[in-house]
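A.B. asks:
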Amino acid sequence: MLDWPACRNARDLGGLPTQDGGRIRGGALLRSDNHAALTPAAVAAVRASGVSRVVDLRRPRELAELPSPFAADPIYAHVPMLPDEIDYEHPDDSYGPLLDHNKERVAAAFRAVAEAPPGGVVVHCRGGRDRTGVLVALALTVAGVGPEAVAEDYALTEDSPAVAMLMTLAHAERVYGGVESYLRGAGVEQRHLDAVRERLREPAFLTETRSGWGAFAEDYAELFRGELAAKIWDRALLGGFAELVRAAPGPVVEVGSGPGVTTAYLHGLGLDISGIDLSPEMVAVARRDHPQVRYEVGSMTDLRLPDASLAGLVAWYSVINVPDEALPAVFAGFHRVLAPGAPVIMAFQVGDETRVREDITFHRRRPEAVAALLAAAGLEPVLRTVREPAEHPGLVEQVPQAYLVARRT
């Protein structure tokens, strides 16, 4: 559940499994009840979660009774999913009649999700159950989540039996030939279906990276627990980064913090630093080994932080798992969360090849290419250096190691 004070049934659909082995992207689709009672802190929490659109499915008269605090905001979209008066019956406990009698309204609500700007979409009605449940179920089904998982999530909402959603999806299959066929018949175009799939589905590389590092977490932590003690140049560069941050202090985040060694080292240098990692197993190891530091599950592709909120950012051998096509968006995210002038430091292996080990894909890169991408994202490189491969306890490096420091312009 999301910590939005005075808001019920608020949760992120991220993490739900798709039928082909993928996952729903965290922060992409959120659901809740109405926002009329949101406290100022909760409104700020919604904004800080990276939401780009709030889709309000209520009737106009419901808005008059319970106004939305986002009504005048560009992120707000009012798309009533039901008419003011309902003149049809529900012969069973499913939402089949809602689908049958409100096709244009359902299609408009689906398009509001598909056409939202980059970021998360919050869907809500009055109680966050019926209308919200139907639209969320349609979107999840299009994204590849199976009926059982859709119904199981629906049942997390108060007084929402899973069988009601299973019957609704079965109705769409029986009467229309499936959810996508229903939506097309209602006026949804293929580009909208594709947009929702793209928005909701987690990129395959994230699923692979999470799974691979999760399986390797304990062994990796044991192997590299003392790695910084043997890496004098790494410590020197991290020390220089710490001096930059101390000149304009504030919170720092390490993305892809793994077992927490680098985060803990910088914490020991006096930085207000926390770590995020895709793998819950890695986060558990880091919390166990470094209880003095805060670690959370998260992704550098979806930094749920306010704009310009960080005094520094660390990507220490973590962009090595990000494919080339995803780097510009990742670096744009770094730029968004860094304060003006704040530094980012990163390390990676030098090369041109892609390798797979322990079911994890690793990308070697040329420093000049990474520096150019940073500059294009508004992160001005101020240091670029390469050291020769070395032999450390438990590790014999095969290629040179690159280090970059850039500042947000």
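Residues in the sequence shown are numbered from 39 upward in steps of one, following my numbering.
Ideal Cβ positions, reconstructed from N, Cα and C, are used throughout, including at glycine.
If I follow the unbroken alpha helix (DSSP H) through Asp257, where does it start and stop?
C.D. replies: Where Asp257 is concerned, the enclosing alpha helix (DSSP H) stretches over 242-262.
A.B. asks: Give me the Cα-Cα distance between Asp272 and Ala370, rounded to the nearest whole angstrom.
C.D. replies: Cα to Cα, Asp272 sits roughly 25 Å from Ala370.
A.B. asks: Suppose contacts are defined by Cβ-Cβ distances below 8 Å. Is Tyr258 in contact with Leu276 by that definition?
C.D. replies: Going by C-beta atoms, Tyr258 is not nearer than 8 Å to Leu276.
A.B. asks: If you draw a straight line from the alpha carbon of Pro156 to that of His162, how long is it in whole angstroms?
C.D. replies: Straight-line Cα distance between these residues: approximately 19 Å.
A.B. asks: Report yes if the CB atom of Glu292 is closer than 8 Å to the CB atom of Val352, and no otherwise.
C.D. replies: Cβ distance < 8 Å, so Glu292 and Val352 count as in contact.
A.B. asks: Give the straight-line distance between the Cα atoms of Ala66 and Ile314, rounded to the nearest whole angstrom.
C.D. replies: Taking the straight line from one Cα to the other gives about 18 Å.
A.B. asks: Give every residue of the same chain whose Cβ lies closer than 8 Å to the Cβ of Leu411, excluding the five residues on either side of it in the sequence, and list them in chain order.
C.D. replies: Only Leu365, Pro366, Phe369 meet the Cβ criterion.
A.B. asks: For Ala181, which option in Asn359, Val323, Met320, Asp58 has the closest C-alpha, if you only look at C-alpha atoms?
C.D. replies: Of Asn359, Val323, Met320, Asp58, the residue nearest in Cα terms is Asp58.
A.B. asks: Going by alpha carbons, who is nearest to Arg393 out of Gln436, Thr301, Gly416, Pro381?
C.D. replies: Nearest option by C-alpha distance: Gln436.
A.B. asks: Got a sec, what are the start and stop residues for the beta strand (DSSP E) Gly291 sits in?
C.D. replies: In the sequence on display, residue 291 carries Val and not Gly. 289-293 is the extent of the beta strand (DSSP E) around Val291.
A.B. asks: Near Gly165, which residues of its chain fall below 6 Å by C-beta distance, leaving aside the five closest residues on each side in sequence?
C.D. replies: Around Gly165: Asp71.
A.B. asks: Can you tell which of Val188, Ala440, Pro55 has the C-alpha that lies nearest to the C-alpha of Ser245?
C.D. replies: Note that residue 245 corresponds to Thr in the displayed sequence, not to Ser. Per the Cα distances, Pro55.
A.B. asks: Indicate whether the contact test is met: 3 or more Cβ pairs, each with one atom in the segment 285-299 and one in the segment 312-327, closer than 8 Å.
C.D. replies: Yes, they touch.
A.B. asks: Please list the terminal residues of the continuous alpha helix (DSSP H) segment that includes Gln57.
C.D. replies: Looking at the DSSP string, Gln57 is not in any alpha helix (DSSP H), and its letter there is neither H nor E.
A.B. asks: With contact counted as at least three CB pairs below 8 Å, one residue from each stretch, are the segment 200-216 and the segment 132-145 in contact?
C.D. replies: Enough Cβ pairs lie closer than 8 Å, so yes.
A.B. asks: Per DSSP, which residues does Arg332 bridge with? Please list them.
C.D. replies: According to DSSP, which records beta bridges pairwise, Arg332 is partnered with Ser312.
A.B. asks: What residue range is occupied by the uninterrupted alpha helix (DSSP H) comprising Val368?
C.D. replies: Note, Val368: alpha helix (DSSP H), 365-375.
A.B. asks: Beta-carbon within less than 6 Å of Pro318's beta-carbon, same chain only, minus the 5 sequence neighbours each way: which residues are those?
C.D. replies: Correct list, in chain order: Val335.
A.B. asks: Assign Asp94 to one of two classes, buried (16 or more other C-beta atoms within 10 Å of its C-beta) or exposed (fewer than that).
C.D. replies: It counts as buried.
A.B. asks: Based on Cα-Cα distance, which residue from Thr399, Thr339, Ala74 lies nearest to Glu391?
C.D. replies: The candidate whose alpha carbon is nearest that of Glu391 is Thr399.
A.B. asks: Determine the contact status of Ala280 and Val226, defining contact as a CB-CB distance below 8 Å.
C.D. replies: Contact: no.
A.B. asks: Closest to Gly416 by C-alpha separation, out of Glu406, Arg395, Ala444, would be which residue?
C.D. replies: Cα-wise, what sits closest to Gly416 is Ala444.
A.B. asks: Using 8 Å as the threshold, is the C-beta distance between Pro361 and Phe254 below it?
C.D. replies: Their beta carbons are not under 8 Å apart, which means Pro361 does not touch Phe254 by this criterion.
A.B. asks: If Ala74 and Ser106 are in contact, beta carbons under 8 Å, what's the gap, nearest whole angstrom?
C.D. replies: At roughly 7 Å, the Cβ-Cβ gap stays under 8 Å, so Ala74 and Ser106 are in contact.
A.B. asks: Give me the DSSP bridge partner(s) of Ser90.
C.D. replies: Its beta-bridge partners do not exist; DSSP assigns none.
A.B. asks: Any chance the segment 115-124 sits against the segment 182-200, with 3 or more Cβ pairs inside 8 Å?
C.D. replies: No, they do not touch.
A.B. asks: Looking at the strands, I want to know which residues DSSP matches up with Thr392.
C.D. replies: The partner list for Thr392 (beta bridge, DSSP) reads His401.
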